[in-house]
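Order-wise, the sequence lines are chains A, B and C. When you read off a place in the first sequence, starting at 1, and then add 1, the result is the number in this note's numbering. When you read off a place in the second sequence, starting at 1, and then add 1, the result is the number in this note's numbering. When you read off a place in the third sequence, starting at 1, and then add 1, the result is the number in this note's numbering. To keep things clear, I will list the structure first and then write my remarks on it.
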Amino acid sequence: MFIRNTWYVAGFEHEFDQPFIARRLLDTPLIMYRTSLGRYTAMDDSCPHRLLPLSKGKRVGDEMQCGYHGMCFSADGQCTKVPGQTNIPSAAHVKTYPLEALHGFVWIWMGDADLADTGLIPDVHWHSSPDWASSRGYHHIEAHYTLLNDNLLDLSHETYVHSRTIGNDEEESIAGYTAKVSVEHDCLVRAHREMPNIEAPPFFELVIGRPCQINRWQSAIHLVPSINLTVVGVHPVEEDRTAARIGHVLHLLTPESETGTHYFWAFVRNYRLDNADLTEGIRKASSATFDEDKEVLEIQQQQMERRKTPVPHVAIKLDEAPIRARRLLEQRAAQEASNPRHVVAPPALVPEHSFAVLEEA
Amino acid sequence: MFIRNTWYVAGFEHEFDQPFIARRLLDTPLIMYRTSLGRYTAMDDSCPHRLLPLSKGKRVGDEMQCGYHGMCFSADGQCTKVPGQTNIPSAAHVKTYPLEALHGFVWIWMGDADLADTGLIPDVHWHSSPDWASSRGYHHIEAHYTLLNDNLLDLSHETYVHSRTIGNDEEESIAGYTAKVSVEHDCLVRAHREMPNIEAPPFFELVIGRPCQINRWQSAIHLVPSINLTVVGVHPVEEDRTAARIGHVLHLLTPESETGTHYFWAFVRNYRLDNADLTEGIRKASSATFDEDKEVLEIQQQQMERRKTPVPHVAIKLDEAPIRARRLLEQRAAQEASNPRHVVAPPALVPEHSFAVLEEA
Amino acid sequence: MFIRNTWYVAGFEHEFDQPFIARRLLDTPLIMYRTSLGRYTAMDDSCPHRLLPLSKGKRVGDEMQCGYHGMCFSADGQCTKVPGQTNIPSAAHVKTYPLEALHGFVWIWMGDADLADTGLIPDVHWHSSPDWASSRGYHHIEAHYTLLNDNLLDLSHETYVHSRTIGNDEEESIAGYTAKVSVEHDCLVRAHREMPNIEAPPFFELVIGRPCQINRWQSAIHLVPSINLTVVGVHPVEEDRTAARIGHVLHLLTPESETGTHYFWAFVRNYRLDNADLTEGIRKASSATFDEDKEVLEIQQQQMERRKTPVPHVAIKLDEAPIRARRLLEQRAAQEASNPRHVVAPPALVPEHSFAVLEEA
């Protein structure tokens, strides 16, 4: 079950420096590229003649040439050449999808193309803003994207899954702090948790640059169907909250299939922007953290398939935010099913000065 | 099709020195361990919250802690802790199964727990007796357990499958000696064969310590559903039968699934008990022999699946004991299906002085 | 869907120097060998007792002995020995298939054995003629044999698939020359193309021995269901056509299953017969060329399965010969379905002096 009338991340903008990218999105194999004029295009990765993936052929100028019989297709999916004949069969074209670059990502709309308003792209401007520095990467996860949503909306798992990275070894250090869960605009879930005066876990030692006691908070923000943002704020207890180190961790999920997810992530921060070592250190630490998630998520997917049972099988208090998000997703799917032209304008993920608002929370 | 009201081997007792063992039995993934008080426990290897195998978590004292959100489960399967909340959901428990150590094995009862009488555990006391020495091991076989029963009840295959180990190269050396087949108590099959004055095959050279002519006998003993014992006796022709070297080879089979079997084996002998080199030599030779069986059994399983045909497809005289055992198994399955509280007390596998009785046979 | 009343290649004759060959043909696992008296035999590769492949046993004289219990089978599939008993069960035999050596190949008939007239074997005598020299090999292709027929009947793919071997880098060098397609006797398709005064591609440089301008022609000849011959002729433009270097490329396809094909090939030539380096050079070049085909064919098969669509999905002019061949195949299958004794006598693939006739064309 996929929501179609929404923008998903198709790739990082920098990936489009290559001649083309072949990637399966929403169970559809696509070939995507940027033309010499800077236009982005995505089309079905299959020659209509004998189904050979166009990505097995080669790019010739701004066209793709099939590697079997040399049929060529322009960036709008139209066949422009059939060797051995002058006319072009009317059925010789491939389906294209709206593709747009924004905030350092390239976004795809796989629903009704008429509705592909770029104003509906979620605002994740921090990723390409000069006021923030980004550490980014990609994980391929063999699990349904809703399991990733669940995982990102319940950060208490840090204690157990990430004890060596962003969590603490102390039992219940996260779950012991209650998360305040709220729903906004029928499409956004927030779960906020304050953790005052705790010992800095290894990751935050890296952020601050030394072992210390910290005030820490985290907001898990989820936009239906699969945009996730974790706002993490820390400052040494002896400092003021306005001096907090803020990280906006983007977890932009695109379904590959019913059992696989493309996980594009970026840890963007508002401190020590020019410190390339820190950028790389955060990248490595984040990547190691998401490796740990990957293991848990994939086992969970396998277990669901083996036992033919959805999760949570038995719900606990920590599932509050995940369950709310799943209800919004089901509601959105039902709306799209009954009205194929249903679209939702995404609200702002974070108020202008997140740390101030969070303090108020 | 599994018989459930019976004791199966879950593992060797020595395996329980580890914190826990994860193993699939009768198509059920289990986690098993021995508590600090010496109690054995087996439970479903799946956290009721999000289905993560408990074996992916860690043992904390006598409890298992899930590696995702830290829920804890006691040795009786009850949840004792849910981080983030004080109450325990009533559904937060996992199923347990009776588990008992006896004769150096740990036995599991996966049927009606009320009926799990330890008096029903088959008597294989030689395995842990000071009067016998054991060479033991484990093979995982990708074949239904009935194919292993068949194989163990028709030892004539030695000539062809084991020509380099326990068989002879001479054609028909085993099949040429007729096996006397008998059925006892509707649950036990014996196939006994005497082979007087033959050249000692390599394995029995090892047993006796030199090349020679031997009198040899073998009894294949099968207890429904999957306990097998091979009694092998040999002595040089110039010696008396009371001086025979007797081996009791235990082949204790536990279904892993419809297409896989756990094969726990032990060659226990009544001679040269303190000879550690012989113990190791027999272990190596037995392991090599069962490697040969494994190959034949797994190909047979694949062929059955590919051709959708049961075996034997065409029966021969050598199938007499296997076919009798299969009939007893079908009868037992039918009894259990019509009466879920049906149990069978296993008779003794071997009379007190096996070699004397065998001589009489 | 397989045509059964026809001769397929089971192997090269030289392969039968080994004790036996195990190979799956028309979804049937077979064991094949040549007896000491020179008779060829093919039988089901499965012992009727417990389904063990006879090829897992050993050849004893002119019989096969099963590796499990030693049952023996003669070259006519009859059981001759069952260890442990003197009588042979009436069901203890395996099905055999007519097998004949001709032209350096061994041919099998898997339809009604009464109709297996060796006069129906296609005439590919060049392969074993002293007037021709052969470079041969084998490819296993994970694709339905009709995809190979399609590929061999539309040689325009050379430009794109084989640009580094037999094709030219110049776009459309092949497709630009129209192929004349004809159908003969309801079972044979010819697609002939003349390419005068072109630059010799790498392969034909090898044939002629130097870079030059050539006159080139090619005839793709297809005999239903899966015998293919490519006649390729070249001569330097300054020479006469009667001096042409002619290659008869045999592509003899035998279905392994619905998704796999045995591809026996031989490039036989009428020039520089004694040049062993050229024979080996052609073998290597052909093998590399068919590696390229293999890749395209297997991807095409996967795409058909994934998209549940036959090919061509959109037909182009180059599909004329492939589509005609597919229609003949469907017609032949319908005939065999309505009359299980339907057979077709194959016409000659090539007139006596192919180059002269081709010139007239």
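Note that beta-carbon positions come from the ideal geometry of N, C-alpha and C, so glycine has one too.
Members of the region 38-65 of chain A near chain B, C-beta cut-off 8 Å: Those residues of the region 38-65 of chain A that come within reach of chain B (Cβ to Cβ, closer than 8 Å) do not exist; the list is empty.
Own chain partners of residue 56(B) with C-beta closer than 6 Å, once the 5 adjacent residues on each side are dropped: Around residue 56(B): 23, 32 and 46.
Minimum Cβ-Cβ distance from residue 357(C) to chain A less than 8 Å: Note on residue 357(C): pLDDT 42, under 50, position unreliable in the model; the coordinate value appears next. Not an interface residue.
The region 311-320 of chain C / the region 85-95 of chain A touching (three or more Cβ pairs under 8 Å): yes
Run of the alpha helix (DSSP H) containing residue 338(C), from where it starts to where it stops: 321-339
Cut-off 7 Å between Cβ atoms - residues of its own chain near residue 6(B), not counting five sequence neighbours on either side: 112, 113, 116, 337, 343 and 344
Cutoff 6 Å; reference residue 110(A); Cβ partners in own chain excluding five residues on either side: 8, 99 and 117
Closer than 8 Å at the beta carbon, the chain A residues around residue 308(C): 47 and 52
Below-8 Å beta-carbon distance, residue 180(A) vs any chain C residue: no
CA-to-CA distance, residue 222(C) to residue 158(B), given in whole angstroms: So the alpha carbons of these two residues sit roughly 53 Å apart.
Buried versus exposed, by CB contacts within 10 Å (16 or more), residue 39(B): exposed
Cutoff 8 Å: residue 330(A) Cβ touching any chain D Cβ: Among the protein chains of the structure shown, namely A, B and C, there is no chain D.
Alpha-carbon to alpha-carbon, residue 203(A) and residue 286(A): For residue 286(A) and residue 203(A), the gap between their C-alpha atoms comes out near 10 Å.
Boundaries (first-last residue) of the alpha helix (DSSP H) holding residue 296(B): 277-308
Reduced DSSP category for residue 156(C) - H, G, I as helix; E, B as strand; rest coil: helix
Assigned secondary structure, residue 1(C) (DSSP; H/G/I helix, E/B strand, else coil): Beyond the ends of chain C as shown, which are 2 and 362, falls residue 1(C); an answer cannot be given.
Separation of residue 193(B) from residue 334(B), as counted between CA atoms: 26 Å
Residue environment, residue 229(A), which counts as buried when at least 16 other CB atoms sit within 10 Å: Burial is judged here by how many other beta carbons sit within 10 angstroms of a residue's own beta carbon; residue 229(A) has at least 16 and is buried.
Residue nearest to residue 11(A) in terms of C-alpha spacing, selected from 267(A), 78(A), 108(A) and 49(A): Considering only alpha carbons, the answer is 108(A).
Any chain B beta carbon closer than 8 Å to residue 102(C): no
Classification of residue 241(C) by the beta-carbon crowding that lies within 10 angstroms, buried from 16 upward: exposed
Residue nearest to residue 178(B) in terms of C-alpha spacing, selected from 254(B), 216(B) and 145(B): 216(B)
Residue-chain proximity (residue 90(A), chain C), Cβ-Cβ < 8 Å: yes
Own chain, CB closer than 6 Å to residue 362(C), minus 5 neighbours either side, in chain order: In this prediction, residue 362(C) has a pLDDT of 41, which is less than 50 and means its spatial position is unreliable; what the coordinates show is noted afterwards. For residue 362(C), the CB contacts under 6 Å within the same chain, skipping 5 residues up- and downstream, are 193 in chain order.
Candidates 198(A), 270(A), 208(A) and 201(A): closest to residue 231(A) by CA position: Comparing alpha carbon positions, the residue from 198(A), 270(A), 208(A) and 201(A) closest to residue 231(A) is 270(A).
Test: residue 23(C) CB closer than 8 Å to a CB of chain B: no
DSSP three-state assignment for residue 226(B), whether helix, strand or coil: coil
Assigned secondary structure, residue 45(C) (DSSP; H/G/I helix, E/B strand, else coil): strand
Below-8 Å beta-carbon distance, residue 157(B) vs any chain C residue: yes
Proximal residues to residue 295(C) (C-beta, below 7 Å), its chain only, five neighbours per side dropped: 140 and 142
Anticipated Cβ contact below 8 Å, residue 237(B) with residue 209(B), distance rounded: 6 Å
Validate contact between the region 251-259 of chain C and the region 145-153 of chain C using beta carbons, cut 8 Å, 3 pairs: The region 251-259 of chain C is in contact with the region 145-153 of chain C.
Within 9 Å of chain B by C-beta, residues of the region 214-234 of chain A in sequence order: Flagged: no residues at all.
Spatially closest choice to residue 180(B) from 220(B), 213(B) and 187(B), by CA coordinates: 220(B)
Chain-order list of residues whose beta-carbon lies under 8 Å from that of residue 28(C) (same chain, five-residue window excluded): 3, 256, 257, 258 and 259.
Status (buried if at least 16 other CB within 10 Å, exposed otherwise) for residue 17(B): buried
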